[in-house]
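Chains as they are written, first to last, in my numbering: chain R, 312 to 641; chain H, 312 to 641; chain D, 312 to 641; chain G, 312 to 641; chain Y, 312 to 641; chain C, 312 to 641.
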């Protein structure tokens, strides 16, 4: 673990520690004096940093997404801290623990992954089972499946978040299929396991969560269409009609055109899966909003994903109760 | 059971049977000759009828929503049948079995109702339990709760349909609460049991399903707000804050303003309940579309509720398979 | 009247006066030193305040919406003033004049209220008259009706604003009914008097205008439906059909679903009332925009309610005229 | 008055009368036999007509919008009548009374026109008064202003309807200005008098109400901009800034882009005028819906302009009352 | 060429000819008598046919999309013809000329195809050239590329229509790139040649133009993504970044989410190509509307694709001119 | 050229130079001390300035849009510079070169203008040619046509930008008409030359680009309708139908109601012209976004006009290539 985190910094001190470079640019003061401006960060936050002198070599050597070792003075500027860099160099791989830089799921990733494989194996249709297993055990996919977040900001936005979301969906799918016997559980499980595989490449989450250029130009729906299509082609005898069905499940899972689905769900299970996915994602967003500090006693933080605040139900009921008690006693 | 149903009629015959008057008007031919035009129906369909002579007394006595006994000739006009009424009079109550005129759920209504009560009793919060039980066992509500359809056309549009929908939602709520332990099952069950109580008065379903004037002017959300609010006031000591929460669950359950919810869900359980209600309703609409005769081998009838057709999945996979087999053999 | 208002404060002085606590939180400097941060205000504005030492007792005792007596140094920080609190305690009720903390209508509230009662009495339909009078003279309603603002920010956002808006609407309703003899004036007056009664509880305006939790979860339309419904039930023999009509007027008065009306106006007077209410509210918003300082010679301040600026008509015509005169003379 | 109207026709008779040609085409039977198909009409309705033999000369001579004298057999085809033309020729001007072919306002047009002029004269701003008078007394405008309908179908869709609508708006404007003293009545009256002048040319209403090609390509807002602009230019010394204001009132009076206003109202009176115009038009549409035969006891005909039905208020209250009385007595 | 086309049929005759089965069902008269109902067609139109007796064998043997030989009586029913089938059997392949059943482009398909290849060869970037050539010369693609329509109804809805549209786009792309030197012509040509390749499989156009099940579930954008992606993978060394660019051009070419593009154009050439494609398609729709018989002298038929009519410009100017001439002379 | 530009300023110096007054107001410090606050600018940017003492005379004499001569100290406040004015007076006309204050097209304006006239002369229809020439050579129009920007911020937002845009459109129109022989080039050229003439008055661009009051109230579409209409009326014998066509081209060129077109394109050339105008404007916006400094290696600056970033194509391909090379070598 690194010696000092962003959240530990205190004004008017000097620190030596490691950061990730989030942004880098050369700016000039109005007077024309150039300086190096960096945004540095770790899993606890981000801070602005400036280097005023002899920064040329550093500016050449260091780029965005590099890990750096920094010696700097921490200036307090009113309510904000800022680093004045004295020395900076690229960190050596052995100096860095990635876990210091990105938030992780609190679940045990290996258990989640085992559950993912078990879910794939529980699929009874042999073609779909082969497909799901091929994807989740593909050595070029599995390690990234364990790491990937489910989104950049909307929900499950942390390492392992995708896996957490998918396992939750598999459980939800089973409950839905028990409740509605008309549903084909195999299709729901297949959809759950494959529907966000494109996020492995849409997002970049080595050091911070962001979109890849490919992700921005194509999006995870199109990207996973290719991955999954290829996996189906690699299974000798995979029925073409079933392939069409699987692809339809993937491309329709956002449920509406304006959310990037080029087709609306036209298969019963595709419609149901869209609902389950939407529910699990939105509920995760509510969870995040309620967990965040809101500064309001009875309302959560504002949820950007859902464009509203949520009531802190227990707090509200309890306060109302207390007020009523007092009124009675008073 | 009545002797002849609409679906039994054959051209160039004469029948004597009972019908419900769906529409009634006096029209004139272009030549100015007046005649009585009726739309008559039963649970199997509707048929146009005309009475050309001596219809004045009948026209006075008989109105929309009356049951009538009719003797008529069945004319074939190209592909449509039409009745030429010879005699008509109001039916006596004892001549009519209501079940001949409206489609019923295929479930056992009493069992469904017992399940409703059991669900109400399973609520652990004493206030909510009292409320739910008070509503479902209210003698002015219970008999109508057993009969009411869930909608006029969108989903569960038959007698007992509301009960079917609510029981399904209770089951779904339990599964959701098992899956997401953070959810308050009591609130979900309360919402399921109460959310469509306003439909008891919004719809008229004595003889055919239609909207009451009150239903059109107020809508079931506003109507049930009053019913449930009154029931809460009748429970001594019902906590006011909890009342607000219950009312919010009701008024937000359509999830969006344009579907008539004056507030968006701002409580976690309100959001989840909206999803469950929407899923159960939409899935019922898919079921209806797939069950209807569509004239297409691989596509369901067009669903007005969902504005699309759905794939007949098994048929599609099977046909594709057969075609592939043939291709291989050929 | 309190000794010093926010708008009177000058830098580098020390003051002792009363404020309302708008926000309260404990924050820490980056260095981890905790301090008390308050937002204090009165009817002339708001100011940030910090207490750096021995604030623990104050922090326990004082909460949002409390009135406080404060002794503080006024620091000038560049263009903003800020209070450094030296002493703070809760104010005693007798030390406070509420009028120092909220903007009032400039009209005479008692006269407005007398006009409200007179309008209620002018209703000729006996049921509607009884209803309107019962509401406006209800001792639990009348005092709040005199105080309530019509909205938090959109229009008439000051104490007594609701009354002003309603009296204006009554006058407008009479003119509309004179102009269109087909209109039922009784219904228009009833709508005017009752349509915003829910705002008495939707908004909290004891010390500052904000939404109550109940108001956010239910909204004034649903809330007044309950109030007015109960008042109708309390009038023996109130015709149920007329009750439906009154409730429809209330729930449809926003005119469109996306503004929170669960039903569109389906009665002629409901449609007309929606227009009158919308006109009176929007015109008040224009008035506010034109009265505010805009920094532009020919354009009003930007109206958030209407999403545009309005022309200062007289100024524009006059300037154009002067310019033309000059051009002629030059 | 012509001898026989469409509404007088009876089957299996022969008639000789005058009609307006609404549509004309040469069609062929499937067997390739050509025939002349006409749609003929008068103010009471329209009827299809066919001429099977020796129609060539007629087809050459006669066109859409011509008045014709016809001798024909009236065939009854089930519930529809149809003419089999035996002889047809263009009518002579002296044979036709235009009043037989288009619905007129029931008001006295000359009185309405006198009121229009009086309203123009009541404008106190000398420039606006000159402008309004110049327009309404322009000999190329006045006769058409007396005849024009206010719309093709939406509201006041009959000869003289525009004048009726404008006079109503002038009255409404005066009431609004009395109620809101801040309003400039001169601007409101000017807007009322000029805002639909473009409809004189947008619509064609010599023989039936339809759009001119120019009307479809430009619309009345753009068309009247030119007419009024030219009239202002013809008044020596008309202040340019006031011209801008007048034009803004015209182009913004539909209130929203999607209704063809290229600018939103940005002057207080422009906003108010938009509301008044919208109210008067919509109320006229409600009036039409309530007056039309709907086939429903408690609901009006469906209003295409407003996309809903309206409650027949008196009928509903009365029926509910009667039902209640009965229930009490029973 | 077949002996008789739909457009040749005349009433009260008997014909023997070939048709395509467009629809097939067994229906019953109200009296319960079953009959075989077919919709038969060729490139000149469609006609309803019924077989009343001994149709069982035919009903078993014959299906939708089959070609049949029919002997039937042509009944005239009012203005519609209808076939009463006497004998029917499947046609033998050698009896059928496909050209009798679908409308073709009027261009020379081989010349268009040669131009397509030439356009592909004109691409200077070696990877894109290889890709475009691989696609257009792929033996499983080329013959279908020559046949495919560009759409079912919106534009270029006839055999060879896709090729026509693509060649037009290539020409337009060259002109755009000459005009805006900043544009990369290679990308525009690549987009033009590949952007609708998915339509080869989205549409079925062997016998009539319709959507395949795969086409409805996936859409041409997703389908061509797979085809083109595979083609790029088959070219050794194809740069992955360029692959991303090509795929982005394909998936963004509808320009907006609601038209099924899962991504908006984010590359300059993607934006420009979207405009060119939209222009060429819309202009083709205008062309179709203007060519169709509209029954109006100055207005085209209503264009469903563009939701409006278009002015017949020359006719309008000429008629206006003639009218003016007359007015002058008169 | 003026001695010092905004971009030349350096902290802690004293300057004497010329600026344009962009904003002016009298403000007070919290302590009630008034001061003069100006926003000053030239073509290289803007800077805030304050005058603390003896500013009364200056405040009276100087207004927005005046050129001033200023002597001031340049203060550095953190990263922003600010002027403390010591002396200020209105500049004399002869001291100012307008070119110092607004960005110009880099093209030769006289050449562009000659091309404009040549394009007008190339129109073959004599009426349209006369019209176009009359407009572009009108001495009250031509000088402003040479100066006007095409928009305030969306595209071609610099002096001469309108001319650049129009010339580009003329070229594009010719290419489109060559490609689609059905198009009437005369109409396209007329539209190109006239479609933004209203911008000459909608925008004010003497010293900075902003909207005139008239421009905000009427918009360029309505304004040019009047200008062009008048020009057509001034040409003896101009065919009225052609006038309607020209006006339709102008008012429909934004293509959609919400962009301020009161009519949708209903003439083929109007539709095509809308596409060409939209393409040229959007491509200019892309050009601007790509030229601006974005701080991102592979993405352009965010385009407010298009609400997205664009890929820096060459950079992306090259970087990807380099990365691939390295990977291969590594």
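Where is the CB? At the ideal position from N, CA and C, for every residue including glycine. If you're wondering where the values come from, they're calculated on a predicted model, not measured in any experiment.
- Taking 7 Å as the cut-off, the Cβ atoms of residue 582 (chain H) and residue 576 (chain H) count as close.
- Contact annotation for residue 528 (chain C) against chain D: 622 [CB-CB distance below 8 Å, chain order].
- Using a 10 angstroms sphere on the CB of residue 314 (chain G), the tally of other CB atoms stays under 16, which defines it as exposed.
- Counting only Cβ-Cβ distances below 9 Å, residue 533 (chain C) has no contacts in chain D at all, with the closest Cβ about 16 Å away.
- Residue environment analysis places residue 337 (chain R) among the exposed positions, since fewer than 16 neighbouring C-beta atoms fall within 10 angstroms of its C-beta.
- Against chain H, the CB of residue 574 (chain D) has a partner CB under 7 Å away; the residue lies at that interface.
- For residue 410 (chain H), same chain residues with a beta-carbon under 7 Å away, outside a window of 5 residues either side, do not exist.
- Not a single C-beta of chain H is nearer than 7 Å to the C-beta of residue 385 (chain Y).
- A check of alpha carbon separations from residue 335 (chain Y) across Y:318, Y:358 and Y:328 identifies Y:358 as the nearest.
- In the three-state reduction of the DSSP assignment, residue 337 (chain C) falls in the strand class.
- Rounded to whole angstroms, the separation of the alpha carbons of residue 609 (chain C) and residue 368 (chain R) is 23 Å.
- Where residue 368 (chain H) is concerned, the enclosing alpha helix (DSSP H) starts and stops at 367 to 372.
- In the structure shown, residue 350 (chain C) falls within a strand segment according to DSSP collapsed to helix, strand and coil.
- Against chain Y, a Cβ distance below 7 Å from residue 568 (chain R) picks out 568, 569 and 571.
- Among the residues of chain G, those whose CB is under 7 Å from the CB of residue 627 (chain Y) are 524, following chain order.
- With respect to residue 528 (chain D), residue 559 (chain H) sits close: the two C-beta atoms are nearer than 7 Å.
- Residue 486 (chain Y) sits in a helix when the DSSP states are folded into three classes.
- Residue burial is scored here from C-beta neighbours: residue 450 (chain C) has fewer than 16 other C-beta atoms within 10 angstroms and is therefore classed as exposed.
- Cβ-Cβ separation between residue 349 (chain C) and residue 378 (chain C): approximately 12 Å, too far for a contact (criterion under 8 Å).
- Taking residue 603 (chain R) as reference, the option from R:620, R:593 and R:592 with the minimal CA-CA separation is R:620.
- Per DSSP, the beta bridge partners of residue 378 (chain R) are R:331.
- When secondary structure is reduced to three states using DSSP, residue 393 (chain H) falls in the strand class.
- For residue 537 (chain R), the enclosing alpha helix (DSSP H) begins and ends at 524 to 544.
- Residue pairing of residue 572 (chain D) in beta bridges, as defined by DSSP: absent, with no partner found.
- Contact check for residue 327 (chain G) against residue 384 (chain G) fails: the beta carbons are separated by 7 Å or more.
- Membership of residue 434 (chain D) in any alpha helix (DSSP H) is not indicated, and neither H nor E is assigned to it by DSSP.
- Looking at the DSSP output, residue 555 (chain D) sits in no beta bridge, so it has no partner there.
- For residue 636 (chain C), no pairing in a beta bridge is given by DSSP.
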